[in-house]
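Peer 1:
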Amino acid sequence: MILTVLIFLPIFFLMVIAVLPKSQTSWFKYINLFVSAMQLGISFILYQNFDRSLSASTKEAGFQFIEKHSWIGLQLGSLGKLQIDYFLGIDGISIGLLMLSAFVMLIASLASWEIKTNEKGYYVLFLLLNTAIMGVFCALDFFLFYIFYELMLLPLYFLIGIWGGARREYAAIKFFLYTLFGSVFMLLVIIGLYFSVKDPLTGAHSFNMLYMMDTANYVKGSIFDISSGTALLFGIPARLLAFGVLFIAFAIKVPIVPLHTWLPDAHVEAPTPISIILAGVLLKVGGYGIFRVCLGIFPEGAIYFSWWLGLIGVVSIIYGAMNALAASDLKRLIAYSSVSHMGFVLLGIASTTVEGASGAMFQMISHGVLSSMLFFLVGVIYIRVHDREIANFRGLLLQMPVFSVFVFIAFFASLGLPGFSAFIAEAFSLIGAFSSASSNQLLPHWMAVVGAVGVLLGACYFLWTLQRMFFGAKHFRGGADWVKQLTDLNAREILALVPMAAFALLLGILPSLFFNLSNATLTDVVSHTLKTGSSQLQTLTNLLF
Amino acid sequence: MIETQHISTPLLAAIIALLLPLLAFLIIGLFGRRLKRQGDWVAVSFTFIAFLFSAFCFSQIWQQAPQYFQLPWLNTGIIKLAIGLRLDNLSALMIILVTFITSLVMVYSMEYMKGETNYPRYFAHLSLFLFSMLGLVLADSLLLIYIFWELVGFSSYLLIGFWYNRDSAARASKKAFIVNRIGDIAFFIGILILLTQFGTLDLTTLFGSGNIQGLVQQSKVLGDHWMVINSAGSIHALNKTYLTIAGLCIFAGAAAKSAQFPLHTWLPDAMEGPTSVSSLIHAATMVAAGVYLVARVFPLFDSEALSIISVVGAFTAFMAASIAITQNDIKRVLAYSTISQLGFMITAIGLGAWSAALFHLVTHAFFKCLLFLGAGSVIHQLHHLKHEHHLDFDHQDLRIMGGLRKKMPVTYIVLLLAACALSGIVFFSGFLSKDMILMSAWMRTQTEGSGVTFLIALALSLAAVFTPFYIFRLIFKVFWGDFRLQKIHPAHNLIVHESNNFMKVPMMLLAAFTIFIFYSFNPIHAAHGWILEGLQAPLSNFNKETVISGFVESAVPAITLLLSIAAIFSAKKAYADQKLRFLSEDNLLFQFSQRAWYFDAIYDRIIVEPTVLLSKLTGWFDKRIVDGFVNLWGNLTISFAAFVAWIDKRIVDGFVNFTGSFSTWLGSLFRRTQTGRLQQYMALGVLGLILIFVLTYILH
């Protein structure tokens, strides 16, 4: 029940807000904040009661807080029975992301207080988005997963398109189409999987993800069955093609270079709270999908494409960093730094080592917190003077000392200063990538080395920004007006920033808090990928050649 | 791995010494402005207590068995990382050195930084630096060293940029951090190699202790492979070049922090920070961290790595000394001098003269710190003068100083002592430590006789002769002759005072440590001094021990001493008596030296500018090509849709409409026949009948 409550709590309050009259508008933000706080509380209950020893990432036994109910069951005559379950459960991969989501949503709720137009619509959409996000990380039925996955798009489209900046419509449609492009093909794979997999208990076709991870459940001769031979589509084994399609669908969200260009536009145009959600949570859905779906269902693809995955990761790291260096808009700079940092996630996953996978997982959590913090900080300036051009500010440290201290913390944490979470995350991704060459021969050494150069570039663009915007004598493009408008942080802003800084510091000093949570599951994911993946890849190549 | 969670008293003392500065940082950082005297006493007293704890630690550990303390930190199944402390001779010596010098510098700073708007922040950051530095030398694993290594770089960044509203300071701090980051990345890659090969980063497991071999010493190079039975108990092999690469990567990290060629350019710029900071961080302690690191991982260096290290060190020593000769900024002279002296230490490590390197680190820490504090004392007074008389001049420029000997006698004497120590004059500390390095270099030349070792020895000796010249040039320019500032501004009555006790006492204490007696009772030979007895090089498979003996042992110190004294006299002739001129200012060699061998210009041209250009290019590429492609697809889709719409409207719908309008047209055509007149119908009927007849006839 607890997961259902977590997911649908926002829907309940959505209805409350929807029926409240306009005169009660001032309550909306408190209701929204209350929902997020409740969810954070629930996620702490989950954290407390989470059994860290369960390891099976592909079996129901490895999941906790399971809820499984038959949802749609249709007799289809000769085709058998259509079976869709309401199937929720979490393991070491999802618990961390669930907690992160609850945390980021709370911060975004605080940032939402700046929204002053059409608040009813805003909060209704915000709460809908909240439900979709929680649902994605809990759903274990692929159909249910897909519903939540698509449900995220709709509110985001409107939230960017209505409450965004000058080019909001362009950004919103770009974001929407990009993601939809990936998920349409994903739907084809889901349908293919559905017809390939049968529930071993009822014999009906099933959308159950965990069944899809076990080759024993595949119908002989079906398109994704591996035991009886393999289907070729366009001359490529169907399973590898399916991996590629799913990977691209999720990779757009991560995002990877060259499928990243929706991100700078969406981030720059979105209002601050939505930027926070985009960077803090939405990008992680991509990483989560790769872990859960791509690696879980098609592990041989992860082995087969590992070199390319690693390459994409490394290219994203360097390319994102170079673009951040070239950016003249502070928000754009941070958006590109997201591309760079998320590259480490991919590099870690590609390494197929426990260190790399843990690093990738940890990077998602860490980046979720830090990018939320960075976008929040940009929002602080933007709301005051409606400008974000780096060149238009100088000597901010003199003008806004408290604000600058938080910027310092966020920048140095992001560039991987030890003591903060990003250092641990990037170090482990790189350790994984480097040790891959000797432990499983998937990635060459140079990828880790080039990835490390990305860490250097991170220092370059962040420090350059500090030098240009915060140091030096005070000088603003807006002159005396800006001096008046650029007031230091207020209590609400400090209240939002302190937990983020504290969280990043806590994770940097005691990373085991999260490592212990995911370690058992990730160890299993890696060994599943290596063992099952390699043997299935062997089968595929034997059949092909 | 030696697992111990038992805390002995010395370990407890070390932990307290480590945590006190962190506490001071937090207290001053959070409440500094509300505290009495803005909290400077917190920093000073905590540092001094930390020094007392370190001293206790030192007394318990020196020449005793090392002690360890470890806590598990992170365990991912395959790698287990622990955090802990390692107390041995080296770390005990380092903590007492660092806390002692920091205590003195903090007292000095109370006067030197008085009246600064960000006074509490200065002490907070200095405490943070002390915490990081202590963590660095106490850490028991390479990972932990790396963590504190970066924190040291971070606190140095904060302190260099202390006057952040000056553009030059903001730029210098950024440069320092980024150049150090280059080294950090290399260091990290070295760590990756070691972790992959050995499965652990624990110092004791890797490098052993005393006469016990660690995994590194146990590893063997067989054919093309570098083999080891790693901490997990399985045989592990990498290509043998990885051994050299690992060593050089870690050395690159050290080179950045210790300002060795080619990563030395940040240190002179770092002089933008307060002089007290330069004295502590960029002369005595932080820059020595690189030497400390290479000393720690010494067994890792194979013969190739060792020779590269010694070449880099010797080149740096010579290059920096040749630059120091012509600098006009008092702090820059000292900065280049620091680089040069660090080069001596690095060369010593490369030559296997491990203990000589660390010995020189200790003696150098005292006299170089003192040189900076003395320079700071002069700068402080001139700065006051500038404010008092509302004049505009560069208070660090040697060309405006002169004749301060009488006005600042204490500063003069302590600086003179420090200069003697730096120059390696007999009875001073530098004589003992620097000559050991020189002797090792010449001894190596004698035993090996190769051209490279000769060049190394020659470069070091040249640097050793340049050293007294540039430092006495400074002394004579500052303290002898006439006060040139007075000549420039004859209208003002410029009176310079001696600094007060807050600054004088720390300097006098440091001055005591320039004397040989603290290191060895024998003024000309330190081999049996207590420091060298306690600093024994760790076991190494590649190190060729150089035993100094015979001709070199007596000739090298004697010749160096004679040349040094000659250099001092020629400096006096040139700068105190103005009777000698070497090179004119527009001479190419002079320019080459004064512009610091054009390194900054070259780096700007070949690294900074191309990187910025490349970033602009990728920015353009991203916007025009990648996003352009996306937008092109969007536009193509829209155009295609427009085309389809046209087809739909014109062709498909056109066909439908055509059918409709054709029927209408046909209808209206036939409607004309429906006139309702009988005669017309009859006529048409007859006409039709005739037509049928005619047609049948023709067809048959």
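Protein chains in written order, with the working numbering: chain Z, 1281 to 1825; chain E, 38 to 737. Where a beta carbon is used, it is the ideal one built from N, C-alpha and C, also for glycine.
(1) For Pro1301(Z), which of helix, strand or coil comes out of DSSP?
(2) Any idea if Ser1502(Z) is buried or exposed, counting beta-carbon neighbours within 10 angstroms, 16 or more meaning buried?
(3) Which residue comes first and which comes last in the beta strand (DSSP E) that contains Ser1350(Z)?
(4) Mind checking whether Asn365(E) and Leu317(E) have CB atoms under 8 angstroms apart?
(5) Are there three or more Cβ pairs, one per stretch, closer than 8 angstroms when the region 231-245 of chain E is compared with the region 177-190 of chain E?
(6) Can you check the region 1563-1601 of chain Z for any alpha helix (DSSP H) of at least 4 residues that lies completely inside it and give the ranges in chain order?
(7) Please state whether DSSP places Trp78(E) in a helix, a strand or coil.
(8) Output yes or no for whether 8 angstroms exceeds the beta carbon distance between Trp263(E) and Leu285(E).
(9) Taking all protein chains shown into account, do 16 or more other C-beta atoms lie within 10 angstroms of the C-beta of Val593(E), making it buried, or fewer, making it exposed?
(10) Residues in the region 388-402 of chain E with C-beta within 9 angstroms of chain Z's C-beta atoms, listed in sequence order?
(11) Can you tell me the Cα-Cα spacing of Gly350(E) and Ser392(E), whole angstroms?
(12) Buried or exposed: which applies to Arg1447(Z), given that a residue is buried once 16 or more other Cβ atoms fall within 10 Å of its Cβ?
(13) Rounded to whole angstroms, what's the CA-CA distance from Arg481(E) to Leu492(E)? Just pull it up for me.
(14) I believe Phe1655(Z) touches Thr1495(Z) by the beta-carbon criterion, under 8 angstroms. Please report the beta-carbon distance rounded to the nearest angstrom.
(15) Buried or exposed for Pro311(E), going by 16 or more other Cβ atoms inside 10 Å?
(16) If the cut-off is 7 angstroms on Cβ atoms, which residues from the region 1539-1555 of chain Z count as contacting chain E, listed in chain order?
(17) Tell whether a beta-carbon distance below 8 angstroms holds between Phe1530(Z) and Tyr201(E).
(18) Would you list the one or two residues that DSSP bridges to Leu118(E)?
(19) First and last residue of the alpha helix (DSSP H) that includes His424(E)?
(20) Identify whether Tyr1662(Z) lies in helix, strand or coil by the three-state DSSP scheme.
(21) Listing by chain order, which chain E residues have their CB less than 9 angstroms from the CB of Phe1756(Z)?
(22) Taking only beta-carbon atoms, is Leu428(E) less than 8 angstroms away from chain Z?
(23) According to the Cβ coordinates, are Gly1699(Z) and Leu1785(Z) closer than 8 angstroms?
(24) Return the chain-ordered ranges of every alpha helix (DSSP H) run that is complete within the region 298-328 of chain E and spans a minimum of 4 residues.
(25) Would you kindly report the start and end of the unbroken alpha helix (DSSP H) that includes His162(E)?
(26) Go through the region 643-723 of chain E residue by residue and report every complete run of the beta strand (DSSP E) that reaches 3 residues or more, in order.
(27) May I ask you to list the residues that DSSP assigns as paired with Ile1325(Z)?
(28) What does the alpha-carbon distance come out to for the pair Ser1807(Z) and Gln1328(Z)?
(29) For Ala1419(Z), which three-state DSSP category applies?
(30) Give a yes or no on whether the C-beta atoms belonging to Ile1387(Z) and Ser1586(Z) are separated by under 8 angstroms.
(31) Taking Met264(E) as part of the alpha helix (DSSP H), name the residues at either end of that continuous run.
(32) Provide the residue(s) that pair with Ile272(E) in DSSP beta bridges, ordered along the chain.
(33) Bridge partners for His1485(Z) per DSSP, in chain order?
(34) Who are the near neighbours of Met1489(Z) in its chain, counting only those whose CB is closer than 6 angstroms to its CB and skipping five residues on each side?
(35) Quick check on this structure: which residue in Glu1347(Z), Phe1314(Z) and Met1780(Z) has the alpha carbon closest to the alpha carbon of Ile1281(Z)?
(36) Find out if the Cβ-Cβ distance for the pair Gln104(E), Ser45(E) is shorter than 8 angstroms.
Peer 2: From the atom records:
(1) coil
(2) buried
(3) Gln1344 to Gln1355
(4) no
(5) yes
(6) 1563-1569 and 1579-1584
(7) helix
(8) no
(9) buried
(10) none
(11) 16 angstroms
(12) exposed
(13) 11 angstroms
(14) Actually they are not in contact, since the Cβ atoms of Phe1655(Z) and Thr1495(Z) sit about 43 angstroms apart, beyond 8 angstroms.
(15) buried
(16) Thr1541
(17) no
(18) Leu111(E)
(19) Trp391 to His426
(20) helix
(21) Chain E residues near Phe1756(Z): none, gap ~14 angstroms exceeds 9 angstroms.
(22) no
(23) yes
(24) 303-306 and 312-316
(25) Tyr156 to Leu175
(26) none
(27) Its beta-bridge partners do not exist; DSSP assigns none.
(28) 27 angstroms
(29) strand
(30) no
(31) Premise fails: Met264(E) lies in the beta strand (DSSP E), His262 to Ile266, not in any alpha helix (DSSP H).
(32) Ile266(E)
(33) Leu1362(Z) and Lys1478(Z)
(34) Leu1420 and Phe1422
(35) According to the sequence shown, residue 1281(Z) is Met rather than Ile. With distances taken between Cα atoms, Met1281(Z) lies closest to Glu1347(Z).
(36) yes
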